[in-house]
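Novice: Residue numbers (my numbering): 784 to 1100. Glycine included, each C-beta is placed from N, C-alpha and C at the ideal position. Okay, here's the structure, questions in a sec.
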(Lines of atoms letter the chains of each structure in order from A and count residues from 1; the text may use other names and numbers.)
(Lines give C-alpha, C1' and ligand atoms only; values in the text may rest on other atoms or scores of the structure.)
Protein backbone atom coordinates (compact mmCIF):
# COMPACT_ATOMS: atom_id res chain seq x y z
CA UNK A 1 0.00 0.00 0.00
CA UNK A 2 1.22 3.54 -0.64
CA UNK A 3 2.85 5.85 1.90
CA UNK A 4 1.17 9.28 2.01
CA UNK A 5 3.73 12.04 2.57
CA UNK A 6 3.97 15.73 1.81
CA UNK A 7 5.29 16.48 -1.67
CA UNK A 8 7.92 18.83 -0.19
CA UNK A 9 9.38 16.28 2.24
CA UNK A 10 13.08 15.68 1.31
CA UNK A 11 12.62 11.93 1.80
CA UNK A 12 10.21 11.82 -1.15
CA UNK A 13 12.97 11.98 -3.76
CA UNK A 14 15.05 9.27 -2.07
CA UNK A 15 12.07 6.94 -1.62
CA UNK A 16 10.97 7.48 -5.20
CA UNK A 17 14.47 6.65 -6.48
CA UNK A 18 14.33 3.38 -4.52
CA UNK A 19 11.01 2.48 -6.16
CA UNK A 20 9.07 2.83 -2.90
CA UNK A 21 5.42 3.62 -3.58
CA UNK A 22 4.68 7.09 -2.18
CA UNK A 23 1.63 9.26 -2.67
CA UNK A 24 0.93 12.91 -1.95
CA UNK A 25 -2.06 13.72 0.29
CA UNK A 26 -3.71 15.47 -2.65
CA UNK A 27 -3.66 12.32 -4.75
CA UNK A 28 -4.78 10.17 -1.83
CA UNK A 29 -7.77 12.38 -1.10
CA UNK A 30 -8.85 12.22 -4.74
CA UNK A 31 -9.09 8.41 -4.67
CA UNK A 32 -12.40 6.68 -4.14
CA UNK A 33 -12.44 3.28 -2.43
CA UNK A 34 -14.64 0.28 -3.22
CA UNK A 35 -14.22 -3.52 -3.35
CA UNK A 36 -12.37 -4.89 -6.36
CA UNK A 37 -14.22 -7.16 -8.77
CA UNK A 38 -12.06 -10.03 -10.03
CA UNK A 39 -13.02 -12.67 -12.61
CA UNK A 40 -11.28 -16.06 -12.37
CA UNK A 41 -11.35 -18.19 -15.52
CA UNK A 42 -10.50 -21.60 -14.07
CA UNK A 43 -9.25 -24.00 -16.73
CA UNK A 44 -7.55 -26.44 -14.36
CA UNK A 45 -9.04 -29.93 -14.02
CA UNK A 46 -8.80 -29.79 -10.22
CA UNK A 47 -10.93 -26.67 -10.01
CA UNK A 48 -11.67 -26.73 -6.30
CA UNK A 49 -7.98 -27.07 -5.42
CA UNK A 50 -7.12 -24.19 -7.76
CA UNK A 51 -9.86 -22.06 -6.23
CA UNK A 52 -8.29 -22.44 -2.79
CA UNK A 53 -4.79 -21.70 -4.06
CA UNK A 54 -5.72 -18.49 -5.86
CA UNK A 55 -8.19 -17.24 -3.26
CA UNK A 56 -5.47 -17.65 -0.65
CA UNK A 57 -3.25 -15.27 -2.63
CA UNK A 58 -6.04 -12.83 -3.46
CA UNK A 59 -7.04 -12.68 0.20
CA UNK A 60 -3.63 -11.77 1.58
CA UNK A 61 -4.01 -8.00 1.18
CA UNK A 62 -5.99 -5.29 3.02
CA UNK A 63 -8.18 -4.91 -0.08
CA UNK A 64 -11.74 -6.16 -0.33
CA UNK A 65 -12.09 -8.46 -3.32
CA UNK A 66 -15.25 -9.87 -4.92
CA UNK A 67 -14.54 -12.96 -7.05
CA UNK A 68 -16.67 -14.43 -9.84
CA UNK A 69 -15.72 -17.88 -11.14
CA UNK A 70 -15.90 -18.60 -14.88
CA UNK A 71 -15.70 -21.90 -16.75
CA UNK A 72 -15.83 -22.66 -20.45
CA UNK A 73 -19.22 -23.79 -21.72
CA UNK A 74 -17.64 -25.57 -24.70
CA UNK A 75 -15.71 -28.05 -22.54
CA UNK A 76 -17.14 -30.69 -20.20
CA UNK A 77 -15.12 -31.00 -17.01
CA UNK A 78 -14.25 -34.58 -16.06
CA UNK A 79 -12.90 -33.81 -12.59
CA UNK A 80 -15.37 -31.26 -11.21
CA UNK A 81 -19.01 -32.10 -10.52
CA UNK A 82 -21.73 -30.43 -12.51
CA UNK A 83 -23.39 -29.41 -9.25
CA UNK A 84 -20.26 -27.48 -8.17
CA UNK A 85 -20.04 -25.70 -11.52
CA UNK A 86 -23.75 -24.92 -11.55
CA UNK A 87 -23.63 -23.59 -7.98
CA UNK A 88 -20.50 -21.47 -8.09
CA UNK A 89 -19.48 -20.81 -11.71
CA UNK A 90 -20.74 -18.63 -14.52
CA UNK A 91 -20.51 -19.18 -18.26
CA UNK A 92 -19.24 -16.40 -20.49
CA UNK A 93 -22.72 -15.61 -21.79
CA UNK A 94 -23.80 -14.92 -18.21
CA UNK A 95 -21.09 -12.36 -17.43
CA UNK A 96 -20.07 -10.82 -20.76
CA UNK A 97 -22.26 -7.77 -20.09
CA UNK A 98 -20.20 -7.00 -16.95
CA UNK A 99 -16.86 -5.24 -16.41
CA UNK A 100 -14.12 -6.25 -13.97
CA UNK A 101 -11.15 -4.60 -12.31
CA UNK A 102 -9.01 -7.69 -12.83
CA UNK A 103 -9.07 -11.16 -14.33
CA UNK A 104 -6.99 -14.30 -13.81
CA UNK A 105 -6.73 -16.96 -16.53
CA UNK A 106 -5.29 -20.20 -15.15
CA UNK A 107 -3.21 -22.88 -16.75
CA UNK A 108 -4.65 -25.99 -18.39
CA UNK A 109 -3.21 -29.46 -19.19
CA UNK A 110 -3.39 -28.98 -22.96
CA UNK A 111 0.12 -27.71 -23.75
CA UNK A 112 0.99 -30.56 -26.14
CA UNK A 113 -1.90 -29.58 -28.41
CA UNK A 114 -1.83 -26.76 -30.90
CA UNK A 115 -3.92 -23.87 -29.60
CA UNK A 116 -6.47 -24.29 -32.39
CA UNK A 117 -6.92 -27.99 -31.49
CA UNK A 118 -8.16 -27.21 -27.96
CA UNK A 119 -11.93 -27.77 -27.92
CA UNK A 120 -12.63 -24.46 -26.18
CA UNK A 121 -10.11 -22.35 -28.11
CA UNK A 122 -12.71 -20.26 -29.96
CA UNK A 123 -14.43 -19.50 -26.66
CA UNK A 124 -11.03 -18.59 -25.17
CA UNK A 125 -10.40 -16.19 -28.03
CA UNK A 126 -13.79 -14.57 -27.49
CA UNK A 127 -13.07 -14.17 -23.76
CA UNK A 128 -9.57 -12.75 -24.34
CA UNK A 129 -10.87 -10.28 -26.91
CA UNK A 130 -13.66 -9.24 -24.52
CA UNK A 131 -11.09 -8.76 -21.72
CA UNK A 132 -9.35 -6.00 -23.70
CA UNK A 133 -12.33 -3.70 -23.19
CA UNK A 134 -14.08 -5.12 -20.14
CA UNK A 135 -11.20 -5.91 -17.75
CA UNK A 136 -8.64 -3.41 -16.51
CA UNK A 137 -5.74 -5.84 -15.95
CA UNK A 138 -5.46 -9.57 -16.73
CA UNK A 139 -3.03 -12.00 -15.12
CA UNK A 140 -2.36 -15.08 -17.28
CA UNK A 141 -0.83 -18.24 -15.72
CA UNK A 142 1.18 -21.06 -17.38
CA UNK A 143 -0.80 -22.31 -20.43
CA UNK A 144 -3.06 -19.31 -19.96
CA UNK A 145 0.08 -17.14 -20.37
CA UNK A 146 1.11 -18.95 -23.53
CA UNK A 147 -2.43 -18.69 -24.89
CA UNK A 148 -2.57 -14.97 -24.13
CA UNK A 149 0.80 -14.26 -25.72
CA UNK A 150 -0.21 -16.23 -28.81
CA UNK A 151 -3.64 -14.63 -29.18
CA UNK A 152 -2.67 -11.02 -28.43
CA UNK A 153 0.83 -10.94 -29.95
CA UNK A 154 1.27 -14.05 -32.11
CA UNK A 155 4.08 -15.37 -29.86
CA UNK A 156 4.50 -19.13 -30.50
CA UNK A 157 5.13 -21.85 -27.94
CA UNK A 158 7.77 -24.54 -28.38
CA UNK A 159 7.72 -28.16 -27.27
CA UNK A 160 10.57 -29.03 -24.91
CA UNK A 161 12.45 -32.32 -24.97
CA UNK A 162 10.97 -33.34 -21.63
CA UNK A 163 8.53 -32.01 -19.07
CA UNK A 164 9.76 -29.09 -16.99
CA UNK A 165 8.77 -29.85 -13.41
CA UNK A 166 10.26 -28.54 -10.20
CA UNK A 167 11.30 -25.46 -8.26
CA UNK A 168 13.62 -23.22 -10.27
CA UNK A 169 15.93 -20.34 -9.49
CA UNK A 170 14.97 -17.05 -11.18
CA UNK A 171 16.61 -13.67 -11.67
CA UNK A 172 14.73 -10.37 -11.73
CA UNK A 173 15.49 -8.59 -15.00
CA UNK A 174 13.68 -5.34 -14.23
CA UNK A 175 13.82 -4.61 -10.48
CA UNK A 176 12.27 -1.15 -10.88
CA UNK A 177 9.09 -2.41 -12.47
CA UNK A 178 6.17 -2.04 -10.00
CA UNK A 179 5.20 -5.72 -10.32
CA UNK A 180 8.67 -6.71 -9.05
CA UNK A 181 8.75 -4.33 -6.08
CA UNK A 182 9.96 -6.12 -2.99
CA UNK A 183 11.33 -9.14 -4.88
CA UNK A 184 14.84 -10.28 -4.05
CA UNK A 185 17.26 -10.23 -6.98
CA UNK A 186 16.95 -14.02 -7.04
CA UNK A 187 13.91 -16.08 -6.08
CA UNK A 188 12.34 -19.53 -6.54
CA UNK A 189 9.11 -20.50 -8.31
CA UNK A 190 7.42 -23.74 -9.45
CA UNK A 191 7.00 -24.81 -13.07
CA UNK A 192 5.06 -27.72 -14.50
CA UNK A 193 4.80 -27.72 -18.30
CA UNK A 194 5.89 -29.30 -21.58
CA UNK A 195 6.22 -26.11 -23.65
CA UNK A 196 7.94 -22.74 -23.46
CA UNK A 197 8.06 -19.27 -24.97
CA UNK A 198 11.38 -17.74 -25.95
CA UNK A 199 12.94 -14.41 -25.08
CA UNK A 200 13.85 -13.61 -28.69
CA UNK A 201 10.16 -13.80 -29.65
CA UNK A 202 9.13 -11.53 -26.79
CA UNK A 203 11.73 -8.94 -27.78
CA UNK A 204 10.20 -8.68 -31.24
CA UNK A 205 7.28 -6.83 -29.65
CA UNK A 206 7.92 -3.36 -28.28
CA UNK A 207 4.78 -3.58 -26.11
CA UNK A 208 6.17 -6.55 -24.12
CA UNK A 209 8.63 -6.29 -21.21
CA UNK A 210 10.42 -9.39 -19.84
CA UNK A 211 10.59 -9.05 -16.05
CA UNK A 212 12.14 -12.30 -14.79
CA UNK A 213 13.88 -15.34 -16.19
CA UNK A 214 15.60 -18.57 -15.22
CA UNK A 215 18.68 -20.25 -16.71
CA UNK A 216 16.89 -23.61 -16.58
CA UNK A 217 13.19 -22.73 -16.80
CA UNK A 218 13.38 -19.81 -19.22
CA UNK A 219 11.12 -16.76 -19.12
CA UNK A 220 8.95 -16.49 -16.04
CA UNK A 221 7.17 -13.11 -16.02
CA UNK A 222 6.29 -10.84 -18.96
CA UNK A 223 4.31 -7.59 -18.86
CA UNK A 224 2.76 -5.26 -21.38
CA UNK A 225 3.91 -1.66 -21.13
CA UNK A 226 0.37 -0.59 -20.28
CA UNK A 227 0.15 -2.95 -17.30
CA UNK A 228 -3.16 -4.23 -18.67
CA UNK A 229 -1.77 -7.74 -19.25
CA UNK A 230 0.72 -9.95 -17.39
CA UNK A 231 1.96 -13.40 -18.34
CA UNK A 232 3.46 -15.80 -15.75
CA UNK A 233 4.77 -19.05 -17.24
CA UNK A 234 4.97 -20.93 -13.93
CA UNK A 235 2.60 -21.81 -11.10
CA UNK A 236 3.29 -19.43 -8.23
CA UNK A 237 -0.07 -20.44 -6.74
CA UNK A 238 0.93 -24.09 -6.24
CA UNK A 239 0.77 -25.50 -2.71
CA UNK A 240 3.64 -27.34 -1.07
CA UNK A 241 2.39 -30.75 -2.27
CA UNK A 242 0.96 -29.91 -5.71
CA UNK A 243 4.03 -31.04 -7.67
CA UNK A 244 4.18 -34.19 -5.51
CA UNK A 245 0.58 -35.01 -6.40
CA UNK A 246 1.36 -34.56 -10.10
CA UNK A 247 4.49 -36.71 -9.78
CA UNK A 248 2.75 -39.59 -8.01
CA UNK A 249 -0.19 -39.36 -10.43
CA UNK A 250 2.20 -39.87 -13.34
CA UNK A 251 3.99 -42.68 -11.49
CA UNK A 252 0.67 -44.46 -11.02
CA UNK A 253 -0.01 -44.05 -14.75
CA UNK A 254 3.34 -45.75 -15.50
CA UNK A 255 4.60 -42.62 -17.27
CA UNK A 256 8.02 -42.97 -15.62
CA UNK A 257 8.28 -39.27 -14.71
CA UNK A 258 11.47 -37.66 -13.51
CA UNK A 259 11.57 -36.54 -9.91
CA UNK A 260 10.69 -32.80 -9.89
CA UNK A 261 13.84 -30.69 -9.95
CA UNK A 262 15.02 -29.13 -6.68
CA UNK A 263 11.80 -30.15 -4.94
CA UNK A 264 12.06 -33.18 -2.66
CA UNK A 265 14.98 -33.05 -0.17
CA UNK A 266 17.78 -35.24 -1.58
CA UNK A 267 15.43 -36.04 -4.49
CA UNK A 268 13.68 -38.44 -2.14
CA UNK A 269 9.91 -38.53 -2.86
CA UNK A 270 9.25 -39.85 0.65
CA UNK A 271 10.45 -36.55 2.16
CA UNK A 272 8.32 -33.43 2.62
CA UNK A 273 9.19 -30.65 0.13
CA UNK A 274 10.16 -27.29 1.67
CA UNK A 275 7.86 -24.40 0.77
CA UNK A 276 10.44 -22.04 -0.80
CA UNK A 277 8.22 -19.92 -3.08
CA UNK A 278 5.28 -18.95 -0.85
CA UNK A 279 6.39 -15.38 -0.05
CA UNK A 280 7.16 -14.65 -3.73
CA UNK A 281 3.73 -15.91 -4.76
CA UNK A 282 1.98 -13.62 -2.29
CA UNK A 283 4.15 -10.68 -3.34
CA UNK A 284 3.45 -11.25 -7.03
CA UNK A 285 -0.33 -11.26 -6.62
CA UNK A 286 -0.45 -8.44 -4.07
CA UNK A 287 1.73 -6.24 -6.32
CA UNK A 288 -0.57 -6.95 -9.26
CA UNK A 289 -3.68 -6.21 -7.20
CA UNK A 290 -2.26 -3.03 -5.72
CA UNK A 291 -0.31 -1.36 -8.51
CA UNK A 292 -2.23 -2.52 -11.57
CA UNK A 293 -5.77 -3.06 -10.34
CA UNK A 294 -6.56 -1.08 -7.18
CA UNK A 295 -4.41 1.99 -7.91
CA UNK A 296 -5.29 2.31 -11.59
CA UNK A 297 -8.75 0.95 -12.29
CA UNK A 298 -11.56 3.50 -12.75
CA UNK A 299 -13.90 3.91 -9.79
CA UNK A 300 -16.82 3.43 -12.20
CA UNK A 301 -16.09 0.33 -14.26
CA UNK A 302 -18.32 1.66 -17.03
CA UNK A 303 -15.41 4.00 -17.79
CA UNK A 304 -13.38 1.01 -19.00
CA UNK A 305 -14.96 1.45 -22.43
CA UNK A 306 -13.05 4.74 -22.72
CA UNK A 307 -9.66 3.12 -22.11
CA UNK A 308 -7.33 1.64 -24.67
CA UNK A 309 -5.50 -1.50 -23.55
CA UNK A 310 -2.27 -0.16 -25.07
CA UNK A 311 -2.33 3.13 -23.12
CA UNK A 312 0.55 3.43 -20.66
CA UNK A 313 -1.08 3.96 -17.25
CA UNK A 314 2.06 3.13 -15.29
CA UNK A 315 3.26 6.72 -15.65
CA UNK A 316 1.17 7.72 -12.65
CA UNK A 317 2.91 5.22 -10.33
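Can you tell me which of the three DSSP states residue 1038 falls into?
Specialist: Three-state DSSP puts residue 1038 in coil, outside helix and strand.
Novice: What number of angstroms, rounded off, separates the C-alpha of residue 952 from the C-alpha of residue 970?
Specialist: Roughly 6 Å between the two C-alpha positions.
Novice: Between 1006, 827 and 1079, which has its C-alpha nearest residue 1020's C-alpha?
Specialist: It is 827.
Novice: Between 838, 919, 841 and 1037, which has its C-alpha nearest residue 1079's C-alpha?
Specialist: Residue 1079 has its Cα closest to that of 919, out of 838, 919, 841 and 1037.
Novice: Closer than 8 Å by C-beta to residue 849: which residues in its own chain qualify, once you throw out the five before and the five after it? Chain order, please.
Specialist: Once the five neighbours on either side are set aside, the close Cβ partners of residue 849 are 818, 819, 820 and 821.
Novice: Give me the DSSP bridge partner(s) of residue 979.
Specialist: DSSP lists 941 as partners of residue 979.
Novice: For residue 978 versus residue 941, is the C-beta distance shorter than 9 Å?
Specialist: Yes.
Novice: Distance check for residue 796 and residue 895, CA to CA, integer angstroms please.
Specialist: Using only the alpha carbons, I get a separation of about 50 Å.
Novice: Terminal residues of the continuous beta strand (DSSP E) containing residue 1015?
Specialist: Its beta strand (DSSP E) spans residues 1012-1015.
Novice: Looking at C-alpha atoms only, which residue of 1024, 946, 1029 and 994 is the closest neighbour of residue 1012?
Specialist: Comparing Cα positions, the closest option is 994.
Novice: Under the rule that 16 or more other beta-carbon atoms within 10 Å means buried, what is residue 1048, buried or exposed?
Specialist: It counts as exposed.
Novice: Out of 1009, 854 and 1065, which one is the CA nearest neighbour of residue 876?
Specialist: The option with the nearest alpha carbon to residue 876 is 854.
Novice: According to the neighbour-count rule (16 or more other Cβ atoms, all chains shown, within 10 Å of its Cβ), is residue 863 buried or exposed?
Specialist: Classification of residue 863: buried, given that the 10 Å Cβ count is 16 or more.
Novice: Counting pairs of beta carbons, one from the segment 904-915 and one from the segment 930-938, are three or more of them closer than 8 Å?
Specialist: As far as the Cβ criterion goes, the segment 904-915 touches the segment 930-938, which means the pair count is three or higher.
Novice: Please state the DSSP three-state secondary structure of residue 1062.
Specialist: Looking at residue 1062 - three-state DSSP - the assignment turns out to be helix.
Novice: Can you tell me where the beta strand (DSSP E) holding residue 852 begins and where it ends?
Specialist: Here the beta strand (DSSP E) through residue 852 covers 848-853.
Novice: For residue 1025, which three-state DSSP category applies?
Specialist: It is helical.
Novice: According to DSSP, which residues form a beta bridge with residue 887?
Specialist: Answer is 823 and 922.
Novice: Pick out whichever of 886, 898, 1051 and 984 has its Cα sitting closest to the Cα of residue 923.
Specialist: Nearest C-alpha to residue 923: 886.
Novice: If you count every other CB in all the chains shown that lies within 10 Å of the CB of residue 845, and 16 or more means buried, which is it?
Specialist: Classification of residue 845: exposed, given that the 10 Å Cβ count is below 16.
Novice: Using beta-carbon positions only, say whether residue 833 and residue 925 come within less than 9 Å of one another.
Specialist: Result no, Cβ atoms of residue 833 and residue 925 do not sit closer than 9 Å.
Novice: Find the nearest neighbour of residue 975 within the set 983, 1045 and 865, judged by alpha-carbon distance.
Specialist: Considering only alpha carbons, the answer is 1045.
Novice: Can residue 962 and residue 1067 be called in contact, C-beta distance under 9 Å?
Specialist: Cβ distance < 9 Å, so residue 962 and residue 1067 count as in contact.
Novice: Roughly how many angstroms separate the alpha carbons of residue 1073 and residue 1051, rounded to a whole number?
Specialist: The straight-line gap from Cα to Cα measures roughly 39 Å.
Novice: Flag this pair as yes or no: are the beta carbons of residue 966 and residue 1063 separated by less than 9 Å?
Specialist: Cβ atoms of residue 966 and residue 1063: closer than 9 Å.
Novice: With distances taken Cα to Cα, identify the nearest neighbour of residue 903 among 1009, 959 and 860.
Specialist: Per the Cα distances, 860.
Novice: So the candidates are 830, 1075, 1039 and 899; which of them puts its Cα closest to the Cα of residue 866?
Specialist: That would be 830, whose Cα lies nearest to the Cα of residue 866.
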